[in-house]
Every structure is written in C-alpha cells, then in structure tokens.
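Visitor: Before I ask anything, let me first share the structure, which is written out below as structure tokens.
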Amino acid sequence: MQDYISQLNDAQREPVLQKDGAMIVIAGAGSGKTRVLTLRIAYLMQQGVDAFNILALTFTNKAAREMKKRIADIVGQSEAKNLWMGTFHSVFARLLRMEADKLGYPSNFTIYDSQDSQRLVSAIIKEMGLDKDVYKYKQISSRISSMKNSLITVRAYFNDPDLQEADAMARRPRFGDIYKEYVERCFKAGAMDFDDLLLKTNELLNRFPEVLAKYQNRFQYILVDEYQDTNHSQYLIVKALSDKFQNICVVGDDAQSIYAFRGANINNILNFQRDYEGVKAYRLEQNYRSTKNIVEAANSIIDKNKTKLDKVVWTANNDGPKIIVHRLMSDAEEGRYVAGSIFENKMQKQLGNDQFAILYRTNAQSRAMEDALRKRDIPYRIYGGLSFYQRKEVKDVLAYLRVIVNPKDEESLKRIINYPARGIGATTMDKLIVAAKHYDRSIFEVIEHIDRIDIGIASSTKTKLKNFVTMIKSFQALEETQSVFELTEYVIKKSALINELKKDGSQEGISKVENIEELLNGMRDFVEGQKEVDEARGSLAEFLEDVALATDLDNDKDTDDRVSLMTIHLAKGLEFPYVYIVGMEEDLFPSGMSMNTREELEEERRLFYVALTRAEHQAYLTYTLSRYRWGKLVDAEPSRFITEIDDQYLEYTTPMDDYRYKSALTDHLWDEPDKSKLRQRKPVSGKPPSVSRPSEDQIRKLRKIRPSSSSNSKLSGFEGNLEPGMMVSHGRFGRGTVVNIEGAGGEKKAEINFQVGGLKKLLLRFAKLDII
Ligand code: ATP
Ligand code: MG
Numbered sequence: 001m002q003d004y005i006s007q008l009n010d011a012q013r014e015p016v017l018q019k020d021g022a023m024i025v026i027a028g029a030g031s032g033k034t035r036v037l038t039l040r041i042a043y044l045m046q047q048g049v050d051a052f053n054i055l056a057l058t059f060t061n062k063a064a065r066e067m068k069k070r071i072a073d074i075v076g077q078s079e080a081k082n083l084w085m086g087t088f089h090s091v092f093a094r095l096l097r098m099e100a101d102k103l104g105y106p107s108n109f110t111i112y113d114s115q116d117s118q119r120l121v122s123a124i125i126k127e128m129g130l131d132k133d134v135y136k137y138k139q140i141s142s143r144i145s146s147m148k149n150s151l152i153t154v155r156a157y158f159n160d161p162d163l164q165e166a167d168a169m170a171r172r173p174r175f176g177d178i179y180k181e182y183v184e185r186c187f188k189a190g191a192m193d194f195d196d197l198l199l200k201t202n203e204l205l206n207r208f209p210e211v212l213a214k215y216q217n218r219f220q221y222i223l224v225d226e227y228q229d230t231n232h233s234q235y236l237i238v239k240a241l242s243d244k245f246q247n248i249c250v251v252g253d254d255a256q257s258i259y260a261f262r263g264a265n266i267n268n269i270l271n272f273q274r275d276y277e278g279v280k281a282y283r284l285e286q287n288y289r290s291t292k293n294i295v296e297a298a299n300s301i302i303d304k305n306k307t308k309l310d311k312v313v314w315t316a317n318n319d320g321p322k323i324i325v326h327r328l329m330s331d332a333e334e335g336r337y338v339a340g341s342i343f344e345n346k347m348q349k350q351l352g353n354d355q356f357a358i359l360y361r362t363n364a365q366s367r368a369m370e371d372a373l374r375k376r377d378i379p380y381r382i383y384g385g386l387s388f389y390q391r392k393e394v395k396d397v398l399a400y401l402r403v404i405v406n407p408k409d410e411e412s413l414k415r416i417i418n419y420p421a422r423g424i425g426a427t428t429m430d431k432l433i434v435a436a437k438h439y440d441r442s443i444f445e446v447i448e449h450i451d452r453i454d455i456g457i458a459s460s461t462k463t464k465l466k467n468f469v470t471m472i473k474s475f476q477a478l479e480e481t482q483s484v485f486e487l488t489e490y491v492i493k494k495s496a497l498i499n500e501l502k503k504d505g506s507q508e509g510i511s512k513v514e515n516i517e518e519l520l521n522g523m524r525d526f527v528e529g530q531k532e533v534d535e536a537r538g539s540l541a542e543f544l545e546d547v548a549l550a551t552d553l554d555n556d557k558d559t560d561d562r563v564s565l566m567t568i569h570l571a572k573g574l575e576f577p578y579v580y581i582v583g584m585e586e587d588l589f590p591s592g593m594s595m596n597t598r599e600e601l602e603e604e605r606r607l608f609y610v611a612l613t614r615a616e617h618q619a620y621l622t623y624t625l626s627r628y629r630w631g632k633l634v635d636a637e638p639s640r641f642i643t644e645i646d647d648q649y650l651e652y653t654t655p656m657d658d659y660r661y662k663s664a665l666t667d668h669l670w671d672e673p674d675k676s677k678l679r680q681r682k683p684v685s686g687k688p689p690s691v692s693r694p695s696e697d698q699i700r701k702l703r704k705i706r707p708s709s710s711s712n713s714k715l716s717g718f719e720g721n722l723e724p725g726m727m728v729s730h731g732r733f734g735r736g737t738v739v740n741i742e743g744a745g746g747e748k749k750a751e752i753n754f755q756v757g758g759l760k761k762l763l764l765r766f767a768k769l770d771i772i
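Counting along the sequence shown from 1, when you hit position 266 you're at 266 in the UniProt record's numbering, and nothing is skipped either side.
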C-alpha cells in the first residue's frame with residue numbers, strides 16, 4: 001500500500017508527507033511537481049482525511065482526470081470519486097450551481113463561452129447605435145474580461161474616475177455603459193460568462209460569511225498545480241477558502257509563467273510566503289523527464305532571463321541526442337521536413353504516432369504541418385483552435401438544449417428562434433429585445449405573454465412565436481423522462497434542424513451532419529459513463545456544463561495513436577518523447593507583438609523554456625527563410641532563442657551561414673532592453689547586422705558541417721566575390737549563370753538564370769551557392 005512513497009525521491013517525499021500547514025513547491029520543469037501533488041492527495045486520504053475535504057485545482061480537466069485515476073489506483077475508486085478536482089472554472093461552476101440562488105441566479109444558469117459573450121457585446125454595440133469601427137467588439141469584450149478578472153464591477157468602474165478617463169482617452173467613452181448593459185443582460189439571461197465563474201465565486205464568498213464558512217470547513221486541504229499562472233481572481237478564491245485551516249499546498253515554476261497576457265500574476269508565487277504563516281518552501285531539483293542535453297539546454301535559455309528565482313535543475317538521465325536545428329525555405333518545406341522526420345523516426349525506432357508532438361507559437365502554423373502529415377498518411381490531432389463544441393452546427397444543436405434547460409438564455413434563443421427558418425425575422429427580434437428591456441423580463445417571457453402586450457407585432461407572427469414556445473415546452477416536458485441522447489435525437493428531428501442540414505448535399509453540409517452524429521455519439525458515451533460513475537449526475541444541465549467547460553485537451557480521444565499538434569501555451573504540463581518546435585523565427589517566436597518590453601520578451605523566453613522541456617528524448621527546432629505573414633511573403637531570420645542555447649547541445653543539420661547573425665545578435669540584442677533597438681529589427685530586410693567574426697570553435701563547426709566532398713569554394717553570406725557570368729550551383733535550383741549582382745552587405749542579391757528553375761533573385765546571405 002505504502003509503496004508509492006518509494007516512487008519519490010527524498011526531496012519529493014517531504015512535501016508529500018507533511019500533512020498540515022502551508023507549503024509551496026517551486027521547481028523546474030519535469031521535476032515531479034504534479035507527481036508530488038497527486039501522491040500527496042493519496043497520502044492525505046490514507047491518513048484519514050475524507051476525500052470530501054480535499055480540493056485540488058489543475059490546469060486542465062484532463063490533468064485532473066489523470067490524477068484522479070492515479071489516486072484511485074492507490075486508495076480505490078469509490079474513495080477517489082468524491083474528490084473535488086478540476087480546473088478553477090469547472091470546480092467553481094459546480095459550487096456556484098449549488099449556491100446560485102443567493103446571487104439571484106437560477107441553479108441551471110447557462111455558461112456563455114467566449115463566442116457567446118462576444119456576440120452579445122457586438123449586439124449591444126449595435127443596439128446602442130455606436131460605431132463598430134471605434135467600439136470593436138473583441139476589444140470591448142477583452143476589456144470587460146480584464147475588468148472582471150481584476151474584480152472591478154460595474155459599480156466600481158463608475159466610482160473610479162481614472163478608469164473612465166482612460167476609456168475616454170482611448171476614444172471609447174461609452175465603455176462603462178456597454179459593460180453595464182452586458183452585465184445586466186447576462187443576469188437577465190440567467191447566464192454567466194467564464195470570468196463570472198470566478199468573479200461570482202468571489203462575490204459569494206465575500207458577501208455571505210456563512211457560505212464562506214461552509215466551504216472553508218469543507219475544503220480543509222487545498223492543492224493547486226501550476227500556481228504560477230493563477231490570476232488575481234483565482235488567487236483571492238484560494239486565499240479565502242484556505243484562510244481557516246491554512247492547509248494549502250501550491251506547486252509551480254516561475255520559469256513557466258506564460259499567461260501574464262491573460263492576467264496571470266507571478267506575484268502570487270512570490271508573495272505566497274507572506275500570505276500564510278509558517279510556510280514551508282520545498283525545492284525539487286532532479287528532472288526525471290528529459291535527457292541531459294535537453295535539461296541543460298533549457299537551463300541555458302532560462303538563464304538569460306533577469307526576473308527569475310534561483311533554481312537548480314539537473315538530471316541523472318543519459319545525455320541523449322543533441323537538439324537538432326534545421327533550416328527550411330518555406331513553411332511548406334518545413335511541414336514536409338517535420339512529417340518526413342517523424343516518419344523516419346517511426347520506421348527506424350518502431351514508434352507509435354503518440355510519441356510525437358509538434359508545437360508552435362500561433363495556431364495558424366498548424367496548416368502547413370497538417371498538409372504534410374496528411375500526405376504521409378500520419379494520423380494527427382490538433383488541440384486548440386475552434387473546439388468541436390464551437391462549430392456552428394454543433395452550437396446550434398446545443399443552443400436548443402440550452403434553451404430547454406434555461407429559456408432565458410438570450411444568446412441561444414437568438415440562434416434558434418429562426419433557425420431553421422420559421423418566419424420570425426430580425427425586425428420582430430428587435431421589437432422583442434426592446435420589450436424585454438421595457439418590461440425587465442427575458443425575451444422568452446415576453447414571447448410567452450405576446451398575446452397580452454402590444455409591441456407592433458402582426459398576429460400571424462405572434463402565432464409563429466407561440467408555436468415556437470409550444471415546441472420548446474414540449475421538449476422541456478420530455479427532458480424529465482428521456483436521456484440527453486434520446487432528447488437530442490428528438491429535438492433535431494422535430495425542430496427540422498437535421499433536415500435543413502441534410503438538404504445541403506455539399507461536402508461541407510455532409511461534414512456538418514457528421515459532426516452532429518459525433519455529438520450524439522458523445523452524448524451516448526456521457527449517458528453510459530454517468531450510469532457507471534455517479535448516478536446523481538447525468539442530466540442535460542450537467543452535460544451542457546461539461547461541454548461549456550471542455551477544453552480541447554480534455555477530450556479522451558487523445559488515447560488514440562496520433563501525433564499531437566498544439567500551441568506551446570496548451571502544452572504546459574505535458575510530455576512527449578519527441579518534440580518538434582517549429583517556426584523558430586524572429587517576429588514569430590519571439591512574437592513580434594511581444595518584444596516591446598523586457599517583460600514581454602522574458603515571457604516569450606519562458607514560453608520557449610516550456611516548449612523545450614516538454615521533450616523527453618529528442619527536440620527539433622526548425623525555422624524557415626521566408627514565411628507568409630498577413631498575406632505577404634516576408635524574409636524570416638532565425639529566432640534569437642536558437643542562438644541563445646549553448647552550442648554544445650545543438651546539432652545543425654543544415655549549413656549554418658547564420659553564424660554571423662548569431663554573433664551580431666549577441667552584440668546588441670540579448671541583454672538589451674532598449675526598445676528602439678528591438679524595434680530596429682522588425683523589418684527583416686533592414687540594415688545588415690554588424691558582423692563580428694565567428695569564434696574559432698564556430699569556424700571549426702562550420703567546416704565540419706559543410707559538405708567537404710568537393711573542392712568548390714562555397715559562398716556563404718555576403719562576402720563572396722560573385723560576379724556576372726559565373727556558373728554556380730544551388731541545392732534546390734541546380735545549375736545556373738549569374739546575370740546580375742545588386743545591393744551590398746547583407747542586402748547583396750544575385751540574379752541567377754537557373755537551367756531548370758529560370759531566373760531567380762537570391763539574397764546572398766541566405767543562398768547557398770557553389771561556384772563551379
Ligand atoms: P512540469 O513543470 O512540466 O509540469 P512537473 O514538475 O509537474 O513538470 P511531473 O510531470 O510531475 O513534473 O514529472 C515529470 C516526469 O517525471 C513524469 O513522467 C513523472 O512520472 C516522472 N517522475 C517524477 N518524479 C519521479 C521519480 N521520483 N521517479 C521516477 N519518475 C519520476
Ligand atoms: Mg506539472
């Protein structure tokens with residue numbers, strides 16, 4: 001029984017075995033923080049702590065499920081089942097459902113996802129007659145979100161002249177009015193958005209001391225993974241709940257704090273010791289995940305950050321292969337290289353697809369990877385992007401279900417009231433919205449009483465509205481007796497939604513029908529699963545809650561044998577034997593939008609640290625020389641992050657004529673917080689970097705890498721004496737004759753007439769040419 005304790009090293013064992021008190025484990029990637037948290041829960045339970053008294057907060061629901069499984073193996077399924085474990089959002093949505101009435105919400109409140117919120121904001125901007133080019137709904141939405149995460153309510157906003165002035169200066173003086181209307185409309189719709197799940201929890205705990213006491217007594221032991229990425233609102237909840245018993249264990253890594261842009265506050269880690277009494281701080285230093293090369297390379301990167309806690313990370317693992325750095329011409333070529341490399345590794349080492357992950361900075365980069373993987377018939381799965389549940393056809397079905405559970409839900413009602421078309425047009429809708437405001441009721445309630453009020457709606461339209469209400473009520477009646485699956489099947493037939501889609505015979509239409517089938521499959525699984533696990537759950541409302549809070553990572557399908565594709569942000573906490581980090585280029589990674597201050601640049605660097613430390617056995621870094629950005633093909637240059645890694649951990653599999661960049665970068669960028677200098681680099685075709693000679697070591701390396709089979713002199717960079725008339729050969733374009741030379745220094749270009757490829761203009765600092 002106790003033998004799981006022997007799966008811990010001495011340093012890990014201490015925080016596991018310290019039953020009570022406040023403790024913080026700060027440690028580098030792969031050092032077993034999540035393992036400590038998991039086994040600590042098992043240990044607490046074995047010490048007699050009731051599962052009901054433990055609350056564990058994780059970064060994804062998937063992580064929570066995995067932890068629960070592990071714990072169940074130790075303490076048994078029936079005990080583990082009672083743990084409260086999940087993301088902040090899912091745990092507190094559940095808590096809010098139990099206490100919703102105190103806040104004037106129905107317990108079956110709807111959760112608006114970000115798409116719903118944005119649609120509502122956009123509708124409000126329109127209704128208020130504001131200019132949508134000035135009041136951009138996405139910006140307004142994200143400002144509302146940051147207000148909520150800083151716990152600035154509408155009232156607080158209007159009490160704060162500074163905030164109002166800031167909005168006036170930003171040419172959006174009506175922001176406060178939009179915010180107010182948005183909050184009122186959500187409330188009237190019985191809906192909470194994602195931020196509300198935290199904001200309202202805070203409100204609940206603040207306003208109702210008896211509720212706070214109840215949950216303080218309930219959650220006697222609180223554990224938080226990835227603590228470095230908690231925001232202010234989350235911090236306050238944890239603080240309030242743990243205040244009485246102060247049995248709190250948080251684990252995290254300041255070097256992996258990557259959500260500052262969403263309000264994560266690194267101070268939550270730094271101030272932890274101040275917030276609780278007698279905090280024990282533990283350090284873990286041994287990494288079990290990765291090879292020595294990877295661990296040490298990652299250390300050499302994070303060393304460049306000034307803002308960090310001092311930490312040691314070492315590993316007893318093998319050196320492992322070096323990190324491969326490979327240069328490509330374009331993103332398409334990059335995709336082919338990665339797919340080819342995965343293919344080779346699979347063949348040579350007999351590996352499954354699930355051993356590989358491709359990580360990128362931005363979602364858009366997945367396309368080139370997907371194309372290449374498809375061509376090679378390598379199965380893959382993309383995480384992030386538009387999740388399954390956000391696809392239009394799926395959301396339409398869900399909107400019906402949401403209205404059944406909560407007819408006040410305005411966003412869902414608007415989606416389905418005239419879909420499929422039933423003659424209820426936009427003008428009618430506008431009148432209903434105005435009436436709802438006037439009578440201070442939800443739109444659905446207005447429709448229910450449409451006979452008794454005169455808002456200028458024709459009687460034929462009134463009949464249509466009444467039919468709609470009757471239909472919804474008939475669905476509601478069924479909900480009580482039917483499973484989610486049966487009900488949905490009935491709803492899509494009865495509402496004519498499925499027929500509408502089937503009429504559309506296009507490929508797109510067919511795939512929409514397939515998606516709805518997939519949704520039904522998921523429901524069947526849900527119904528079956530709930531029967532086994534927990535009979536109390538399994539209602540439509542619970543299904544909708546699961547869906548609303550599902551992130552792509554939560555999908556259990558990832559047990560499939562597929563290559564994983566995701567942004568680095570999503571990869572936090574995960575591990576894969578082979579990791580490809582693609583698009584290692586300036587302006588992309590680090591992102592061009594995050595280079596204005598040292599803080600931003602350091603966050604990008606932490607992101608790179610997270611990416612690299614996902615790899616267990618081998619990491620690949622790829623970059624291209626040109627890339628389409630915002631519809632234009634632009635020159636790209638290798639990311640400073642490649643060159644920041646100590647050379648001894650890298651193997652360049654393409655010739656490195658970029659060495660001169662490396663030295664140039666060292667000179668004026670790495671430690672230079674000066675904004676203007678960073679900006680200088682943005683137009684890649686700007687002035688050439690100042691060249692300092694490569695070191696002897698670098699030169700040796702250059703020689704080694706370059707093919708030395710011919711005695712031809714290789715021109716690399718811009719110092720070669722290329723002249724018109726010379727015959728050259730190029731790796732990709734073959735042989736050709738130099739026609740013209742123009743520019744100087746790093747901008748020197750040669751126009752070459754290739755025998756096969758025709759006339760091409762090449763930037764000499766990148767082109768690899770042999771004189772023949
Ligand atoms: P991250 O910072 O990336 O979240 P982490 O610190 O949470 O990493 P874990 O995911 O808990 O690290 O552990 C990394 C890997 O090392 C896992 O595969 C885990 O099973 C393994 N591991 C951790 N501790 C030990 C140990 N004492 N013995 C063997 N393997 C271990
Ligand atoms: Mg972890």
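Cβ atoms here follow ideal geometry from the backbone N, Cα and C, with glycine treated the same way.
Around ligand 4, what residues have a beta-carbon under 7 angstroms from a heavy atom of it, in chain order?
Guide: Ligand 4 is not part of this structure, which contains only ligand 1 and ligand 2.
Visitor: Residues in the same chain with beta-carbon distance under 7 angstroms from aspartate 409, minus the five sequence neighbours each way, listed in chain order, please.
Guide: Excluding sequence neighbours, aspartate 409 sits near Thr110, Ala189, Gly190, Ala191, Arg402, Val403.
Visitor: Pull the bridge partners of threonine 110 from the DSSP assignment, please.
Guide: Bridge partners of threonine 110: Ala191.
Visitor: Helix, strand or coil: which one does DSSP assign to tyrosine 105?
Guide: Coil, per DSSP.
Visitor: My output table needs one value for aspartate 587: the three-state DSSP class, helix, strand or coil.
Guide: If DSSP states are grouped into helix, strand and coil, aspartate 587 belongs with the strands.
Visitor: Output the boundary residues of the alpha helix (DSSP H) element that contains isoleucine 404.
Guide: Isoleucine 404 -> alpha helix (DSSP H) spans 392–405.
Visitor: Between the alpha carbons of leucine 588 and arginine 361, how many angstroms are there, rounded?
Guide: Cα to Cα, leucine 588 sits roughly 7 angstroms from arginine 361.
Visitor: Do methionine 329 and threonine 38 have their C-beta atoms closer together than 8 angstroms?
Guide: It is not a contact, given that the beta carbons lie outside the stated cut-off.
Visitor: Can you confirm whether the stretch 595–611 touches the stretch 250–261 when touching is taken to mean that 3 or more C-beta pairs between the two stretches lie within less than 8 angstroms?
Guide: Verdict: yes, contact present.
Visitor: For the alpha helix (DSSP H) holding aspartate 546, just list the boundary residues, first then last.
Guide: Looking at the DSSP string, the run of the alpha helix (DSSP H) that includes aspartate 546 is 540–549.
Visitor: Taking only three categories from DSSP, how would you classify phenylalanine 356?
Guide: Reduced to three states, the DSSP call for phenylalanine 356 is strand.
Visitor: Return yes when the C-beta of glycine 30 is under 7 angstroms from any heavy atom of ligand 1, and no when it is not.
Guide: Yes.
Visitor: Is DSSP giving serine 692 helix, strand or coil here?
Guide: Low per-residue confidence applies at serine 692: pLDDT is 40, beneath 50, and the placement is therefore not dependable, though the value from the model is reported in the following sentence. Serine 692 falls in the coil class under three-state DSSP.
Visitor: Would you kindly work out how many angstroms separate the C-alpha atoms of arginine 289 and methionine 523, rounded to a whole number?
Guide: Taking the straight line from one Cα to the other gives about 36 angstroms.
Visitor: Please state if the CB of serine 107 and the CB of aspartate 101 are separated by a distance shorter than 8 angstroms.
Guide: Yes, these two residues count as a Cβ contact at 8 angstroms.
Visitor: Leaving aside the five residues before and after isoleucine 71 along the sequence, list all residues of the same chain whose C-beta is less than 6 angstroms from its C-beta, in chain order.
Guide: Same-chain partners within the cutoff: Ile41, Ala42, Ala80.
Visitor: Who does glutamine 507 pair with in a DSSP beta bridge?
Guide: DSSP lists no partner for glutamine 507.
Visitor: Could you check if threonine 8 belongs to the surroundings of ligand 1, using beta carbon to heavy atom distance under 7 angstroms?
Guide: Checking the sequence shown, residue 8 turns out to be leucine, not threonine. Leucine 8 Cβ: within cutoff of ligand 1.
Visitor: Quick one, are the C-beta atoms of serine 483 and valine 547 less than 8 angstroms apart?
Guide: No, Cβ-Cβ distance for serine 483 and valine 547 is not below 8 angstroms.
Visitor: By DSSP, does threonine 737 sit in helix, in strand, or in coil?
Guide: Three-state DSSP puts threonine 737 in a strand.
Visitor: Between threonine 737 and ligand 1, is the CB less than 7 angstroms from at least one heavy atom?
Guide: Threonine 737: no, Cβ never under 7 angstroms from ligand 1.
Visitor: How far does the beta strand (DSSP E) with lysine 749 in it extend, from its first residue to its last?
Guide: That run of the beta strand (DSSP E) goes 749–754.
Visitor: Are there 16 or more other CB atoms within 10 angstroms of the CB of glutamate 165, so buried, or fewer, so exposed?
Guide: Looking at its Cβ environment, which holds fewer than 16 other Cβ atoms inside 10 Å, glutamate 165 is exposed.
Visitor: Helix or strand or just coil, what does DSSP make of aspartate 160?
Guide: Here aspartate 160 sits in coil by DSSP.
Visitor: Whose C-alpha, out of Gly509, Val469, Gly340, is nearest the C-alpha of valine 394?
Guide: If we check each option's Cα against that of valine 394, Gly509 comes out closest.
Visitor: Please classify proline 15: is it buried, with 16 or more other beta-carbons within 10 angstroms of its beta-carbon, or exposed?
Guide: By the 10 Å Cβ count, proline 15 comes out buried.
Visitor: Specify the secondary structure class of histidine 449 as computed by DSSP and reduced to three states.
Guide: Three-state DSSP puts histidine 449 in coil, outside helix and strand.
Visitor: Can you name, in chain order, every residue of its own chain whose Cβ lies under 7 angstroms from the Cβ of glycine 335, other than the five neighbours on each side?
Guide: Result list for glycine 335: Ala368, Met369, Asp371, Ala372, in chain order.
Visitor: For glutamate 616, is the classification buried or exposed, using 16 other Cβ atoms within 10 angstroms of its Cβ as the cut-off for buried?
Guide: Buried is the call here.
Visitor: In its own chain, which residues sit with a C-beta less than 6 angstroms from the C-beta of methionine 566, not counting the 5 before and 5 after it?
Guide: Counting only Cβ-Cβ distances below 6 angstroms, and skipping sequence neighbours, we find Tyr383, Gly384.
Visitor: If distances are taken between C-alpha atoms only, which option among Ile294, Leu465, Ala27 comes closest to isoleucine 269?
Guide: Of the candidates Ile294, Leu465, Ala27, the one whose C-alpha sits nearest the C-alpha of isoleucine 269 is Ala27.
Visitor: At a cut-off of 7 angstroms, is threonine 613 close to ligand 1 when judged by its beta-carbon and the heavy atoms of the ligand?
Guide: Checking every heavy atom of ligand 1 against the Cβ of threonine 613, one is found closer than 7 angstroms.
Visitor: Enumerated in chain order, which unbroken segments of the beta strand (DSSP E) with a length of 3 residues or greater are wholly contained in the stretch 43–124?
Guide: The qualifying runs are 54–57, 84–86, 110–112.
Visitor: Looking at C-alpha atoms only, which residue of Leu359, Met45, Leu763, Arg598 is the closest neighbour of leucine 570?
Guide: Cα-wise, what sits closest to leucine 570 is Leu359.
Visitor: Can you tell me whether DSSP reads arginine 286 as helix, strand or coil?
Guide: Before going on, a small fix: residue 286 reads as glutamine here, not arginine. Glutamine 286: strand per DSSP, three-state reduction.
Visitor: Under 7 angstroms: does the beta carbon of tryptophan 11 sit that close to some heavy atom of ligand 1?
Guide: Tryptophan is not the amino acid found at residue 11; the sequence shown has alanine there. Result no, Cβ not under 7 angstroms from ligand 1.
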